[in-house]
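Just so you know, we're using the working numbering here: the sequence shown kicks off at 24 and counts up by one.
Here a beta-carbon is modelled for each residue, glycine too, at the ideal position from N, C-alpha and C.
To start, the structure itself, in structure tokens.
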Amino acid sequence: MKPLVQVEDLVQEFKVNQGFLDSFKWKDKKLVREKKAVHAVNKVSFDIYPGEAFSLVGESGCGKSTTAKTIIRLLNPVSGRIYYGGEDISRLKSEKMLPYRKKMQMIFQDPYASLDPQKTIKSIIMEPMLFHKVVANKKEAEEKCMELLKKVGLRPEQATRYPHQFSGGQRQRIGIARALAVEPEFIIADEPVSALDVSIQAQILNLMMDLKDEYGFSYLFIAHDLSVVRHISDRLGVMYLGTIVEMGTKRDVFEHVAHPYTKLLFSAVPTVGEEPIVPPMKMEGEIPNPVNLPQGCVFHDRCPYCKEICKTVRPDFKELEPGHQVACHLFA
């Protein structure tokens, strides 16, 4: 089976605003101007197959959401390639991206901020259908809107209400309905349950999985909660400081934890009445500044197993078993 989405050596950076004089430094007895940038995503590569739920997991600020926004072209990549259905969409102009906008949709972390407060729910859901000509007319759009509201667990009579009249969980259901309105093949869910009450999270996750099974689309699921990732993922990648350090199936990563950073993530997960996946481990130091990335392995200054080679040489991916890869010198 060919991948639906392919990401190859994706890089995303953001320039740091500096004063004119602050940008000049002495280097090798010369006055040179340095341009600083936040290195948000650093040569990230992975594939997502049709009907698959692939997750990116890691601490806040590791580059998960930036990766997702770059893939869907809300941000233009600095370098690297993004393929959709075998076509390179990395540098497409806005008008040529339109057909792909219909195929790729996004569910945002904050459901209230992503909905227009001045429009009714019916208008919010119908607008993308009419724009992308998924329906022939407004009557057909309204019928489809009512059908989608039922699918996501809302009542058709709620369609004339405004976003502020709904709870957080209901607003996320509206966001899911809007994403489904154009019949996408690929949905990016950017921490879709992190802003919701714990009691509501499971309902939204179960809804998302049921819809995936019914419609057959693929997910890129962004999360920092490993219990959420375990519930929804087929495969996952673990990110640290803009880099994927471990990748594999859900079984690979949860039953055969390899990378020290993945182990530290698991050790931080609270457990009640069951054995922890990884014994408690102590996290040393702070996350490095993404403006000045560390030489060698990006995790070496926090790693309890750090060796001398880790400080100078960046590790390549090593396949531990088919499909399970880890970037760590411990497995060289």
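Rounded C-alpha distance that separates ILE105 from ILE95: 9 Å
Sequence-distant residues of its chain with Cβ nearer than 8 Å to ASP257 (five each side left out): GLU75, ALA76, PHE77, THR272, LYS273
Span of the alpha helix (DSSP H), counted from its first residue to its last, around VAL175: It is not in any alpha helix (DSSP H) - VAL175 carries neither H nor E in the DSSP assignment.
Start and end residues, beta strand (DSSP E) containing GLU362: There is simply no residue 362 to check, as the chain begins at 24 and stops at 355 in what is shown.
In DSSP terms, what ASP111 is bridged to: TYR106
Backbone CA spacing between GLU31 and VAL268 [nearest angstrom]: 15 Å
Cut-off 7 Å between Cβ atoms - residues of its own chain near MET232, not counting five sequence neighbours on either side: Once the five neighbours on either side are set aside, the close Cβ partners of MET232 are ILE255.
Beta-bridge pairing of GLU31 - partner residues as DSSP gives them: ARG104
Identity of the residue in VAL349, LEU264, HIS282 nearest GLU309 by Cα: LEU264
Sub-8 Å separation of LEU219 and ALA200 beta-carbons: no
Beta-bridge partners of SER78, as assigned by DSSP: PHE244, LEU259
DSSP state of HIS347 mapped onto helix, strand, coil: The answer is strand: DSSP assigns HIS347 an E or B state.
The region 342-354 / the region 273-286 touching (three or more Cβ pairs under 8 Å): yes
Beta-carbon proximity list for LEU20, same chain, < 8 Å, skipping 5 on both sides: Outside the displayed range of the chain (24 to 355) lies residue 20, so it cannot be described from this structure.
Start-to-end residues for the alpha helix (DSSP H) that takes in SER68: Taken as a continuous stretch (DSSP letters only), SER68 belongs to no alpha helix (DSSP H), being part of the beta strand (DSSP E) at 60-71.
8 Å Cβ cutoff met for GLY89 and LEU79: Note that residue 89 corresponds to Thr in the displayed sequence, not to Gly. No; because the gap between Cβ atoms is not below 8 Å, this pair is not in contact.
For ILE197, three-class secondary structure by DSSP: Helix.
Alpha-carbon spacing of LYS59 relative to GLN35, whole angstroms: 13 Å
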